[in-house]
Each structure stands twice: as C-alpha cells, then as structure tokens.
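Residue numbers (our numbering), protein chains in the order written: chain V, 1 to 81; chain F, 1001 to 1081; chain B, 2001 to 2139; chain P, 3001 to 3139.
We treat Cβ as the ideally placed atom computed from N, Cα and C, and that holds for glycine.
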Amino acid sequence: MNIRLLYFAVLRDITGKSEVEVSLRDGARAGEVWQSLREQYVQLADYRKPPMIAVNETYASAETVLRDGDELAFIPPVAGG
Amino acid sequence: MNIRLLYFAVLRDITGKSEVEVSLRDGARAGEVWQSLREQYVQLADYRKPPMIAVNETYASAETVLRDGDELAFIPPVAGG
Amino acid sequence: MSYLTDSTIDSADLARRTMRPSDGACIVFEGVVRDHHEGKAVQSIFYDAYRPMAEKEISKIIDDVRSQLSDVAIGVIHRLGHLRVGDASIVIVCTSPHRAEAYEASRLLIDRIKETVPIWKKERGPGGEEWVGWQGAKC
Amino acid sequence: MSYLTDSTIDSADLARRTMRPSDGACIVFEGVVRDHHEGKAVQSIFYDAYRPMAEKEISKIIDDVRSQLSDVAIGVIHRLGHLRVGDASIVIVCTSPHRAEAYEASRLLIDRIKETVPIWKKERGPGGEEWVGWQGAKC
C-alpha cells in the first residue's frame, strides 16, 4: 500500500522535500515510518520517539495502523501564536 | 470661611448648578454640607448618608474638617469604564 | 498627558504608542456601549467626569498596577460626552514581553477604574434617562 | 472562512466583524514578534503551518471555547510567512456582553492554540536560524 508523507518546518528543511509517496507493508503503523526516516536522516538520530503524529489531518498515536491512501505528517513541537 | 462645592452628574441635574461658593462655620465637616444639601433638595431626602466625598480632588471621609478655600465634591456612585 | 478625551478613541494608535520592541503580547480592552443594561434597552449614554480628579485617579491606578507588574507598558483613554451603541467608552492597552502579565494588568486596570474613578454615566432609552447607580444608592 | 493569512492582520476590521450590538466588552489579543527569545536576539521569524489541519484545529478550539462560554463571539487570524519584529503573528478577538467571559475566552484560546495547532516558527537572529522547540525535543 502507499501513503503520502508530508514534511513541515524542520522536517522539510532536513529532508529537502515537502511531500513523498511511501510504500508500506499492509498493517504498518505510523511510528514505524518515523523509525525508517531516522535511518535515512542522521539529523533525526537523537529523536528516538516520533514527534506528534497526524493521520488525515487529525492527531493520532504512533500505534495507528495506516491504510492505503492515508496522509501522514509528523508534527514537530508546535510554536504558533 | 468659604469653600467651593462642585456638582457632577446626578447632583448637577438636581441642583441645576456646576459649582457654588458655600460659607461655613470654622471647623465644619464635609458630611455636614451633605446634610444641609438634603434640606435644600427634596430629591436627596432618601440619601441619608453622603455618597463618596472628595476634598481637593482626593477621596476623603465625611468627618474631614474643611478649611477655607477647599474644593469639595460629593461623588455619586461611579460608573466609568 | 491626558487619559480623557471628548472624541472617538483610536485604539490602534494607542497600541502603537504603548508597544515596545521587547513586547510579545498586546492586550486591548475596549468597553463598548451596548444596546441594553439590566434588562432595559439603551440608545445612548452621556459620560460625565470630575476631570482633574479622574486624571489623577487613573494615573494612581496605573502607577499601582505598574508597581505590581513591572514588565507591563500601559495606555488608557476614557471617552466622555455623548456616546452611541457600539462606541468605545474606554480603551486599555497592556503590552509585555509575555502574555500572562499583560492579561493580569488589563483586568486589574478595568476593575479598579470602574471602582474608583469619578466618572458617571446617564443612560438614555425608550423609557427615559437615568444616572446609573443612583437609584440603588438610597440609604 | 479561513483562520490563516499571508499578509498583515487588520485587527480593527476583525474586531468590527466580531462585535455584536449586545456586546459591552471587546478584548483583542495580539501576539507580536519581539526582539528577543530566551536570551537571544531575534531579527525576523518565518511561520510555517500544516494549513488544512491548522484550520481544523483552530475551528475545533473555537467550538470548544464557545461551548464553555456561550455568550462570547470569537474571531481568530494567524499570520504565516516572514514576519519582522513588531509584526502581529496572531490576533484573537473576544467580545461579550460582560467582560469576564471575554477575558476568560481570550486566555483559553491563546493557550490552546499555542498547544495544539500545527504551526511552527523559525527564528532568525545574528547567530543564525533555528526552529523553535526542536533542539529541546530530543528524546
């Protein structure tokens, strides 16, 4: 299955991308995507746990099982206001 | 001795004046001026105690002894803001 | 400087003049003439004041609040005369590096200004005119 | 309606659009870019957002606050992109017949917006650029 992974803020700076298509095994969880990002980007080495996570524009846990077509975003510490 | 008595808001409406000169015996207290006003204006009959009092632009008590040249004002319930 | 005016209050201008580059929060409180009061319709309000004393009282309140909340910059303007529904009668601007102090100062200021500053209002509605607070002050 | 903008926020216009004739209090909170943060000089800020989600989260927060404080009318605009010192990043307008509810709503809104809305800021100062909160999030 495929999901769309969106990058914002520091994660866009680190990856140099706004959005990528990711192929995952069926039943993959949101937290696993974070771990695979950590293997790709050394700047994430010190961030063992994922930041907050959004699936389809709603906050979700690292345990959330993803489905084909989902929109996933890791939410670094927010600083609005 | 003489003092200046200022009227504001409802008291100006009742008396029809902004300011009067009042002659008082030496040693007169602010509260006594209120009682003499009550004798002049029937609309004040139901107001036995004076409202707040200001002498020379500062809050003062009904017991304050007035001096020649003082500026006295009775302060009805304030409603600023 | 005067805290009283007889014309429309320019709250944006007051905010600009109050704000410092180190401020991250700006709270503007506007007290506005509303169309009712204690169940009665209100069409307009006349504000009267003991002007020199009102200036001094507002100044004292600002000094007091600033001594409690030293990081806050404060601007206050109270309007007098005839106001209609929707007109601002008072604008209080509080700015500070962090928002908590500015909120606290804003509330302290409006609470204390309403309590002690010699300003009065006469409300006009369909049933006539009345000085607010006078009927209830009988004793 | 959108809660996000890429240009200067017109807080007077937002206040006018929020206010009802029955409102006696209008509280405008402006969050402003200040010249320092945690001891470091700040020259400018870049605000980024997950826009559709940020819109939804702000909308949810407004609904929540309105369900707690039903007398309050609420307007919120958050600015994104490059801001300089003195620019407003957020304006929150709360109006109500009596002031207590408007103050309470204003504080609830800014506290919750800062907590959960997916908006980020990168501060630029003499020492370089930094995404606020990222260094401290190591785990």
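Item	Value
If you follow the beta strand (DSSP E) that Leu72(V) is part of, which residue opens it and which one closes it?	71-75
Assuming Tyr41(V) and Ile75(V) form a contact by the criterion Cβ under 8 Å, report the distance between their Cβ atoms to the nearest whole angstrom.	So it is not a contact: roughly 17 Å between Cβ atoms.
For Val2065(B), which residues from the same chain have a beta carbon less than 8 Å from its beta carbon, with the 5 sequence-adjacent residues on both sides left out?	Val2072, Ile2074, Ala2105, Leu2108, Leu2109, Arg2112
Using 10 angstroms around the beta-carbon of Met2152(B), count the other beta-carbons present and answer buried if the total reaches 16, otherwise exposed.	In this structure chain B extends from 2001 to 2139, so residue 2152(B) is not present and cannot be described.
For the region 3087-3103 of chain P, enumerate the residues whose C-beta is nearer than 7 Å to any C-beta of chain B, in chain order.	Pro3097, Arg3099, Tyr3103
Identify each residue in the region 2022-2033 of chain B for which the Cβ-Cβ distance to at least one residue of chain P is less than 9 Å, and report them in chain order.	Ser2022, Asp2023, Gly2024, Ala2025, Cys2026, Ile2027, Val2028, Phe2029, Glu2030, Gly2031, Val2032, Val2033
I'd like to know whether the C-beta of Gly1080(F) is nearer than 8 Å to at least one C-beta of chain B.	yes
Under 7 Å, CB to CB, which of the residues in the region 39-60 of chain V have a partner in chain P?	Asp46, Tyr47, Arg48, Lys49, Pro51, Ala54, Glu57
Identify every run of the beta strand (DSSP E) within the region 2020-2045 of chain B, keeping only runs that are complete inside it and at least 3 residues long; order them along the chain.	2025-2032
Is Ile2074(B) close to chain F? Criterion is C-beta to C-beta, closer than 8 Å.	no
Under DSSP, the alpha helix (DSSP H) around Thr3018(P) begins and ends at which residues?	3011-3018
Does the Cβ of Gly25(V) have 16 or more other Cβ atoms within 10 Å, making it buried, or fewer, making it exposed?	With the sequence shown as reference, residue 25(V) is identified as Arg, and Gly is not the correct amino acid for it. So Arg25(V) counts as exposed.
At which residue ranges does the region 3047-3106 of chain P contain complete beta strand (DSSP E) runs of 3 or more residues, listed in the order of the chain?	3073-3079, 3081-3084, 3088-3096
How about Asp2048(B) and Ala2041(B): do their beta carbons lie closer than 8 Å?	no
Show which residues of chain V have a CB atom less than 8 Å away from the CB atom of Thr3154(P).	No answer is possible for residue 3154(P): the residues shown for chain P start at 3001 and end at 3139.
Could you tell me whether any Cβ in chain B is nearer than 8 Å to the Cβ of Ala3041(P)?	no
So, do the region 3127-3137 of chain P and the region 1-18 of chain V have three or more beta carbon pairs nearer to each other than 8 Å?	yes
Tell me whether Leu58(V) is buried or exposed, calling it buried when 16 or more other Cβ atoms sit within 10 Å of its Cβ.	At residue 58(V) the sequence reads Thr, which differs from the Leu that was named. So Thr58(V) counts as exposed.
Our contact map puts Ala3025(P) next to Val2032(B) with C-beta atoms below 8 Å; I'd like the distance itself, whole angstroms only.	7 Å
So which residues of chain P does Ala73(V) contact, with C-beta pairs closer than 9 Å?	Tyr3050, Met3053, Pro3118
Quick one: give me the first and last residue of the alpha helix (DSSP H) that Ser1023(F) is part of.	First-last for Ser1023(F): 1019-1023, but that is the beta strand (DSSP E), not the alpha helix (DSSP H).
Near Arg3099(P), what residues of its chain come up, given a Cβ to Cβ distance below 8 Å and the 5 sequence neighbours on each side ignored?	Gly3024, Ala3025, Ile3027
In chain V, which residues lie with their C-beta within 8 Å of the C-beta of Val3065(P)?	In chain order: nothing, as chain V lies at least about 15 Å away.
Please classify Glu3101(P): is it buried, with 16 or more other beta-carbons within 10 angstroms of its beta-carbon, or exposed?	buried
Measuring only the C-alpha atoms, how far is Phe2046(B) from Gly80(V)?	42 Å
Going by the CB atoms, is the gap between Ile3077(P) and Thr3018(P) shorter than 8 Å?	no
Asp46(V) and Lys3138(P) look like a contact to me (Cβ under 8 Å); what is the Cβ gap, rounded to whole Å?	4 Å
Does DSSP put Glu57(V) in a helix, in a strand, or in coil?	coil
What whole-angstrom Cβ distance do Arg29(V) and Leu66(V) have, given they're in contact under 8 Å?	7 Å
Strictly under 8 Å for the Cβ-Cβ distance: is Ala9(V) near chain P by that measure?	yes
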